[in-house]
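Asks: Mind looking over this structure? Questions follow.
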């Protein structure tokens with residue numbers, strides 16, 4: 346129930362938005378709830394750019410105080426937020442007031458739920474087979490049956506394991522609505538934090554309720570590493586047909602070991618350095634690891650091929666030396682491409698790891714495409730390169746077919 350309903354219940358006049366009502370009644374309190382309406386991430390057929398919604402703890406506390414004062418001003422004598430019984434005189438006041446009393450208790454309970462659920466029962470009951478060493482993730486779900494929109498709120502994580510040598514982690518959350526694996530959403534990175542608070546919301550628009558129940562929400566907590574590949578911390582799956590979306594649940598989910606396809610085709614370590622003043626990009630192919638074997642001997646003869654493209658037009662090709670019979674080759678070879686600053690957003694690099702064959706045709710092991718419109722990890726590497734001119738920016742990439 347919204348605050349407008351509370352004012353109506355207590356006989357107060359209301360107009361405008363919820364925050365307008367609060368501000369009119371308590372003008373000295375500063376409400377910073379504009380954050381609650383801006384920068385929501387939308388997910389649909391064509392995802393919009395990712396933004397974030399930071400929720401104000403101060404706003405929630407002020408609203409809680411306002412609700413409590415409203416209850417004290419208009420509730421029945423002796424009523425309290427935690428009251429569990431009624432006096433004999435109150436019972437005699439009739440059915441109408443009984444209904445009001447029930448509404449007051451219901452409202453009070455609802456208003457306290459959000460504040461309590463953050464700390465209440467975070468660990469939950471013990472479940473056999475669950476790995477409790479990876480921490481847990483708190484999230485909220487709200488479904489709007491009129492606009493056919495599911496809002497996912499990533500609230501916080503608790504007791505994450507340390508992945509860095511400093512004894513901490515730099516976690517962020519990757520979100521997918523399975524079985525669709527093409528569209529991914531990401532939260533911000535929280536630096537050096539094993540108990541991060543995100544309070545970010547993401548919108549999945551245009552989903553009828555019956556179709557949404559066929560989907561599974563996938564959440565993966567990952568440790569960001571600037572100079573190496575990001576390290577998965579844990580993951581959780583939430584089949585939406587097992588969740589009562591009409592109740593707008595707030596859930597704690599234990600993180601489980603990741604079962605992704607890491608290492609299926611292998612990984613490639615690349616370093617990028619862009620000099621905008623002269624329009625020069627230096628690409629260093631450093632090494633690969635865990636490449637898929639393509640020969641009957643259980644090995645491969647890998648080399649790396651790089652295509653520079655502007656839009657759909659291929660412009661220039663470079664390639665490394667061949668490393669015979671190796672699934673973990675080390676190259677450390679650098680290549681220079683000319684990319685004017687005004688074309689940096691059009692440019693992309695298609696980096697392919699190939700298996701050399703003396704007799705037949707060379708076979709693709711895996712590839713990665715770098716550019717400002719690539720996948721989340723590839724785009725981040727490209728954007729880091731642009732944001733840090735004249736610096737080497739290295740990152741591991743998973744190879745894809």
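Residue numbers (our numbering): 346 to 746. We put the beta carbon where it would ideally sit given N, CA and C, even for glycine. All of these numbers come straight from a predicted model, not from anything done at the bench.
Quick check: the stretch 639-657 against the stretch 588-603, are at least 3 beta-carbon pairs closer than 8 Å?
Replies: no
Asks: Among 676, 644, 510, which has the Cα closest to the Cα of residue 631?
Replies: Position 286 of the chain shown, counting from 1, holds the residue named residue 631. Taking only the C-alpha atoms, the option nearest residue 631 is 676.
Asks: With respect to the beta strand (DSSP E) encompassing residue 741, which residues constitute its N-terminal and C-terminal limits?
Replies: Counting from one through the chain shown, the residue named residue 741 turns up at place 396. 738-743 is the extent of the beta strand (DSSP E) around residue 741.
Asks: For residue 723, which residues in the same chain have their Cβ closer than 8 Å to its Cβ, ignoring the five residues on either side in sequence?
Replies: Here residue 723 corresponds to residue number 378 of the chain shown, with the count starting at 1. Contacts found: 713, 714, 715, 716, 742.
Asks: In whole angstroms, what separates the C-alpha of residue 590 from that of residue 493?
Replies: Within the chain shown, residue 590 is the residue found at index 245, counting from 1. Within the chain shown, residue 493 is the residue found at index 148, counting from 1. Approximately 12 Å between the Cα atoms of the pair.
Asks: Helix, strand or coil: which one does DSSP assign to residue 560?
Replies: By one-based count along the chain shown, residue 560 stands at place 215. Reduced to three states, the DSSP call for residue 560 is coil.
Asks: Kindly list the residues whose CB is nearer than 7 Å to the CB of residue 702, restricted to its own chain and excluding five residues on each side of it in sequence; keep chain order.
Replies: Working through the chain shown from its first residue, we reach residue 702 at position 357. Result list for residue 702: 708, in chain order.
Asks: Starting from residue 728, trace the beta strand (DSSP E) both ways and give me its first and last residue.
Replies: Locating residue 728 in the chain shown gives position 383, counting from the first residue. It is not in any beta strand (DSSP E) - residue 728 instead sits in the alpha helix (DSSP H) that spans 721-732.
Asks: Which residue spans inside the stretch 510-585 form an unbroken alpha helix (DSSP H) run of at least 4?
Replies: 554-557
Asks: Where do the N-terminal and C-terminal ends of the beta strand (DSSP E) with residue 671 fall, by residue?
Replies: Taking the first residue of the chain shown as 1, we reach residue 671 at position 326. Per DSSP, residue 671 belongs to no beta strand (DSSP E) and is neither H nor E.
Asks: Rounded to whole angstroms, what's the CA-CA distance from residue 307 to residue 740? Just pull it up for me.
Replies: Given a span of 346 to 746 for the chain in the structure shown, any question on residue 307 remains unanswerable.
Asks: Can you give me the Cβ contacts of residue 673 inside the same chain, cut-off strictly under 8 Å, excluding the 5 residues immediately before and after it?
Replies: For this step, residue 673 is matched to residue 328 along the chain shown. Taken in chain order, the residues that qualify are 632, 633, 634, 635, 636.
Asks: I'd like the list of long-range same chain contacts for residue 670, defined as Cβ closer than 6 Å, with 5 residues on each side in sequence excluded.
Replies: Within the chain shown, the letter at position 325 stands for residue 670. Here the set comprises 644.
Asks: Bridge partners of residue 496, per DSSP?
Replies: Position 151 of the chain shown, counted from the start, is the residue given in the question as residue 496. Answer is 487, 548, bridged to residue 496.
Asks: Keeping to the same chain, check which residues put their C-beta closer than 6 Å to that of residue 499; ignore five residues upstream and five downstream.
Replies: Taking the first residue of the chain shown as 1, we reach residue 499 at position 154. 484, 518, 532, 543, 545.
Asks: Pick helix, strand or coil for residue 593, following the three-state DSSP scheme.
Replies: Taking the chain shown and counting its residues from 1, the one referred to as residue 593 is at position 248. In the three-state DSSP reduction, residue 593 falls in the coil class, being neither helix nor strand.
Asks: Excluding five sequence neighbours on each side, which residues of the same chain lie with their C-beta closer than 7 Å to the C-beta of residue 553?
Replies: Taking the chain shown and counting its residues from 1, the one referred to as residue 553 is at position 208. Non-local beta-carbon contacts of residue 553 in its own chain, meaning distances under 7 Å to residues more than five positions away in sequence, involve 493 in chain order.
Asks: As an exercise, report each continuous beta strand (DSSP E) stretch of at least 3 residues that is fully enclosed by the stretch 611-697, in chain order.
Replies: 612-620, 625-634, 647-655, 658-664, 675-683
Asks: If you draw a straight line from the C-alpha of residue 678 to the C-alpha of residue 699, how long is it?
Replies: Within the chain shown, numbered from 1, the residue matching residue 678 stands at position 333. Within the chain shown, numbered from 1, the residue matching residue 699 stands at position 354. Each residue's alpha carbon lies about 16 Å from the other.
Asks: Are residue 482 and residue 581 closer than 8 Å when you measure CB to CB?
Replies: By 1-based counting over the chain shown, the position of residue 482 is 137. By 1-based counting over the chain shown, the position of residue 581 is 236. Between residue 482 and residue 581, the C-beta gap is smaller than 8 Å, which places the two residues in contact.
Asks: Select from 691, 647, 734 the residue whose C-alpha is nearest the C-alpha of residue 697.
Replies: Counting from one through the chain shown, the residue named residue 697 turns up at place 352. It is 647 whose Cα lies nearest to the Cα of residue 697.
Asks: Taking residue 625 and residue 681 to be in contact with their CB atoms under 8 Å, please state how far apart those CB atoms are, rounded to whole angstroms.
Replies: As a position in the chain shown, residue 625 is number 280, starting the count at 1. As a position in the chain shown, residue 681 is number 336, starting the count at 1. Confirmed, Cβ separation roughly 6 Å.
Asks: So the candidates are 488, 496, 516, 505; which of them puts its Cα closest to the Cα of residue 479?
Replies: Here residue 479 corresponds to residue number 134 of the chain shown, with the count starting at 1. The candidate whose alpha carbon is nearest that of residue 479 is 505.
Asks: At which residues does the beta strand (DSSP E) containing residue 709 begin and terminate?
Replies: Position 364 of the chain shown holds residue 709. Looking at the DSSP string, the run of the beta strand (DSSP E) that includes residue 709 is 708-716.
Asks: In angstroms with no decimal places, state the Cα-to-Cα distance between residue 537 and residue 530.
Replies: Translated into positions along the chain shown, residue 537 becomes position 192. Translated into positions along the chain shown, residue 530 becomes position 185. Between residue 537 and residue 530, the C-alpha separation is close to 21 Å.
Asks: Measure the beta-carbon distance from residue 665 to residue 649 and round it to whole angstroms, keeping in mind my assumption that it falls under 8 Å.
Replies: Reading the chain shown from its first residue, position 320 is the one you call residue 665. Reading the chain shown from its first residue, position 304 is the one you call residue 649. Right, the Cβ-Cβ distance comes to about 4 Å (below 8 Å), so this counts as a contact.
Asks: Out of 515, 550, 535, 501, which has the shortest C-alpha to C-alpha gap to residue 522?
Replies: Sequence index remark: in the chain shown, residue 522 carries index 177 (1-based). Nearest C-alpha to residue 522: 550.
Asks: Pick out whichever of 570, 489, 524, 733 has its Cα sitting closest to the Cα of residue 515.
Replies: What you label residue 515 is simply residue 170 of the chain shown in a count that begins at 1. Comparing Cα positions, the closest option is 570.
Asks: Cα separation between residue 563 and residue 711?
Replies: In the chain shown, the residue the question calls residue 563 occupies position 218. In the chain shown, the residue the question calls residue 711 occupies position 366. One C-alpha to the other measures close to 25 Å.
Asks: Mark residue 732 as exposed unless 16 or more other C-beta atoms lie within 10 angstroms of its C-beta, in which case mark it buried.
Replies: Here the question's residue 732 lines up with position 387 in the chain shown. Exposed.
Asks: Taking the straight line between their C-alpha atoms, what separation do you get for residue 721 and residue 527?
Replies: Numbered from its first residue, the chain shown carries residue 721 at position 376. Numbered from its first residue, the chain shown carries residue 527 at position 182. Cα to Cα, residue 721 sits roughly 10 Å from residue 527.
Asks: Express the C-alpha separation of residue 727 and residue 512 in angstroms, rounding to a whole number.
Replies: Within the chain shown, residue 512 is the residue found at index 167, counting from 1. Within the chain shown, residue 727 is the residue found at index 382, counting from 1. Taking C-alpha positions only, residue 512 is separated from residue 727 by approximately 28 Å.
Asks: Out of 686, 502, 488, point me to the one whose CA is closest to residue 540's CA.
Replies: Within the chain shown, numbered from 1, the residue matching residue 540 stands at position 195. Comparing Cα positions, the closest option is 502.
Asks: Would you list the residues sitting across from residue 600 in a DSSP beta bridge?
Replies: Walking along the chain shown from the start, residue 600 turns up at place 255. Answer by DSSP bridge pairing: none, since residue 600 is not bridged.
Asks: Rank 735, 547, 575, 615 by C-alpha distance to the C-alpha of residue 629 and give the top, closest one.
Replies: As a working note, residue 629 is residue 284 in the chain shown. When only C-alpha atoms are compared, the closest one is 615.
Asks: Going by CA-CA distance only, name the one from 620, 566, 660 that's closest to residue 604.
Replies: By 1-based counting over the chain shown, the position of residue 604 is 259. With distances taken between Cα atoms, residue 604 lies closest to 566.
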